[in-house]
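For reference, the structure is listed below as structure tokens.
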Amino acid sequence: MTQCTKTETLPLSERREHQYFMHMALSLALRGTGFVSPNPRVGCVVVREGKVVGWGYHRRYGGPHAEVEALRRAGTLAEGSTVYVNLEPCSHQGKTPPCAPQLVEARVARAVVGMRDPNPRVDGRGIDLLRDAGIEVLESVLPEEARWINRGFIRRMTRGRPWVTLKGALSLDGTTALESGESRWITGPLARDKAHLLRGEHDAILVGVGTVLLDDPELTVRSVEGVCPRRVVLDGALRTPQTAKVLASGGCTFFTEQDMPQGAGQRLEERGAEICRVPRGPEGGLSLVPVLEHLASAGINTLLVEGGARVAGSFLREKLVDEVSLFLAPKLLGRGLQLGESWGLEHLDQGFDLRSCRIRQAGEDLWLEGVPTCSPAL
Numbered sequence: 001m002t003q004c005t006k007t008e009t010l011p012l013s014e015r016r017e018h019q020y021f022m023h024m025a026l027s028l029a030l031r032g033t034g035f036v037s038p039n040p041r042v043g044c045v046v047v048r049e050g051k052v053v054g055w056g057y058h059r060r061y062g063g064p065h066a067e068v069e070a071l072r073r074a075g076t077l078a079e080g081s082t083v084y085v086n087l088e089p090c091s092h093q094g095k096t097p098p099c100a101p102q103l104v105e106a107r108v109a110r111a112v113v114g115m116r117d118p119n120p121r122v123d124g125r126g127i128d129l130l131r132d133a134g135i136e137v138l139e140s141v142l143p144e145e146a147r148w149i150n151r152g153f154i155r156r157m158t159r160g161r162p163w164v165t166l167k168g169a170l171s172l173d174g175t176t177a178l179e180s181g182e183s184r185w186i187t188g189p190l191a192r193d194k195a196h197l198l199r200g201e202h203d204a205i206l207v208g209v210g211t212v213l214l215d216d217p218e219l220t221v222r223s224v225e226g227v228c229p230r231r232v233v234l235d236g237a238l239r240t241p242q243t244a245k246v247l248a249s250g251g252c253t254f255f256t257e258q259d260m261p262q263g264a265g266q267r268l269e270e271r272g273a274e275i276c277r278v279p280r281g282p283e284g285g286l287s288l289v290p291v292l293e294h295l296a297s298a299g300i301n302t303l304l305v306e307g308g309a310r311v312a313g314s315f316l317r318e319k320l321v322d323e324v325s326l327f328l329a330p331k332l333l334g335r336g337l338q339l340g341e342s343w344g345l346e347h348l349d350q351g352f353d354l355r356s357c358r359i360r361q362a363g364e365d366l367w368l369e370g371v372p373t374c375s376p377a378l
């Protein structure tokens with residue numbers, strides 16, 4: 001007999017206990033940041049008689065899943081236990097065996113799940129398998145938190161594009177660079193360290209060719225652990241020189257216009273770059289939706305857009321920004337390039353409010369993060 005328990009029917013003390021252990025699973029899941037993509041981040045806790053007897057998290061892509069790690073630690077104590085996992089256990093064969101059958105084999109009594117897996121290959125099948133085996137399943141414990149830590153995976157699975165974070169550093173009067181293009185450094189060293197932390201949390205970093213020509217950035221991760229994100233450059237005319245630092249260690253994708261002659265990017269391909277052709281949009285720049293679709297098809301869950309100002313404006317204009325991360329320096333720079341330079345709003349109500357806004361100190365600078373109202377709900 002299958003069992004289904006609804007969270008709202010439980011006593012308050014029991015709900016709080018479930019939330020406590022789910023918070024633990026979510027914290028474990030975050031340890032996989034930067035290592036598990038294109039997979040989601042998953043943590044698992046095995047609890048018996050109120051005590052944690054096993055725990056685990058998905059450490060790297062292709063490695064054991066969180067449930068497997070947790071069951072190994074629990075051993076025979078897993079029988080009759082309650083398993084907490086922030087994402088529905090998988091039921092299909094991938095790079096590793098499915099997790100739901102292993103929970104059945106371990107004879108766990110109950111599974112508490114943060115959210116269903118949006119992957120069409122799962123999407124309730126793992127939960128059904130557990131219930132058919134007589135395991136009680138409690139769904140939607142801390143579902144908002146569960147969706148948030150895997151927002152990139154959800155966006156890729158449900159909309160076929162990555163979660164897009166727009167990052168910027170600007171002065172109090174909104175300048176991101178002087179008219180000459182100079183922008184190093186508007187913010188202080190601690191804010192720049194935080195920016196590297198952001199890079200390490202994303203699967204890819206995107207800039208326009210103007211940034212490459214002016215700043216010659218490496219677009220690598222320093223000061224934090226993690227796999228180096230894929231570097232993405234919007235370069236409609238393939239103006240990037242062979243000596244550009246973004247080409248130094250491979251893993252770079254260039255998007256150029258569809259009509260660019262074959263062989264035009266050979267000098268970049270010789271440096272290990274991938275050349276992708278996309279049509280131009282109505283404003284004359286490269287169409288961004290095909291760019292995002294290509295990145296999603298390559299398993300990119302999260303994309304960090306670093307600039308420049310016109311690229312930022314293009315993403316804002318096409319309502320493709322899911323999150324903003326802005327570093328605000330306590331200085332005035334006067335006239336210069338503004339974030340979203342080419343956005344060109346005519347009325348105030350065309351702008352976007354930020355929800356879930358968070359403001360923190362980063363040295364002498366402020367770090368503001370939020371989700372614009374143009375971002376579709378998860």
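Counted from 1, the sequence shown has number 258 at position 258 by full-length UniProt numbering; the numbering is strictly sequential. Beta carbons are placed, not taken as given, at the ideal position from N, Cα and C, and that holds for glycine. Treat the numbers as computed from the prediction; the structure is a model and nothing was measured.
Item, Value
"First through last residue of the beta strand (DSSP E) which encompasses residue 361", "354–362"
"Rounded straight-line distance, which links the Cα of residue 29 to that of residue 18", "16 Å"
"Assumed close pair residue 137, residue 111 - CB separation to whole angstroms, cut-off 8 Å", "5 Å"
"Distance between beta carbons of residue 163 and residue 323, contact taken as under 8 Å", "7 Å"
"Within 8 Å, strictly: CB atoms of residue 301 and residue 126", "no"
"Cβ contact (3+ pairs, closer than 8 Å) linking the stretch 284–298 and the stretch 140–154", "no"
"Cα-Cα separation between residue 37 and residue 88, rounded to whole angstroms", "17 Å"
"Residue 234 versus residue 104 - alpha carbon distance", "48 Å"
"Spatial neighbours of residue 70 in its chain, beta-carbon cut-off 6 Å, leaving aside the 5 residues before and after", "44, 46, 54, 55 and 56"
"Cβ pair residue 366, residue 170 closer than 8 Å", "no"
"Rounded distance between the beta-carbons of residue 168 and residue 176, thought under 8 Å", "6 Å"
"Bounding residues of the alpha helix (DSSP H) (the contiguous stretch that carries residue 148)", "143–149"
"Cβ-based burial, residue 326 [other Cβ within 10 Å; buried from 16]", "buried"
"Contact the stretch 206–218 vs the stretch 185–195: 3+ CB pairs below 8 Å", "no"
"Extent of the continuous beta strand (DSSP E) to which residue 365 belongs", "365–372"
"Alpha-carbon spacing of residue 372 relative to residue 219, whole angstroms", "25 Å"
"For residue 126, the first and last residue of its enclosing alpha helix (DSSP H)", "125–132"
"Residue 383 versus residue 123: straight-line alpha-carbon distance, rounded", "Because the chain spans 1 through 378 in this model, residue 383 falls outside it and cannot be assessed."
"Same chain, Cβ closer than 6 Å to residue 133, neighbours up to 5 away in sequence not counted", "104"
"Cβ-based burial, residue 359 [other Cβ within 10 Å; buried from 16]", "exposed"
"Nearest candidate by alpha-carbon position, reference residue 238, set 247, 260 and 251", "260"
"Residue 392 in three-state terms, based on DSSP", "Residue 392 lies beyond the range of the chain shown here (1 to 378); nothing can be said about it."
"Segment contact, 8 Å Cβ cut-off, at least three pairs: the stretch 242–250 with the stretch 194–202", "no"
"Minimum length 4: unbroken alpha helix (DSSP H) runs contained in the stretch 34–92", "66–74"
"Of the residues 355, 96 and 376, the one placed nearest residue 369, counting alpha carbons only", "355"
"Whether residue 232 touches residue 268 by CB criterion (8 Å)", "no"
"Residue 336 versus 317, 361, 347 and 310, residue with shortest Cα-Cα distance", "310"
"CB-CB length for residue 285 against residue 314, believed under 8 Å", "5 Å"
"Cβ neighbours of residue 194 in the same chain (closer than 8 Å, five flanking residues each side left out)", "327, 362 and 367"
"Residue 305 versus residue 102: straight-line alpha-carbon distance, rounded", "40 Å"
"Collapsed DSSP secondary structure at residue 1 in the structure displayed", "Unreliable placement is indicated for residue 1, whose pLDDT of 38 sits below 50; no coordinate value is reported for it."
"Inter-residue Cα distance where the pair is residue 346 and residue 156", "32 Å"
"Identified DSSP bridge partners for residue 168", "326"
"Spatial distance of residue 270 from residue 349 (CA atoms)", "48 Å"
"Contained alpha helix (DSSP H) runs [length at least 4] in the stretch 265–316, N- to C-terminal order", "266–269 and 288–297"
"Classification of residue 375 by the beta-carbon crowding that lies within 10 angstroms, buried from 16 upward", "buried"
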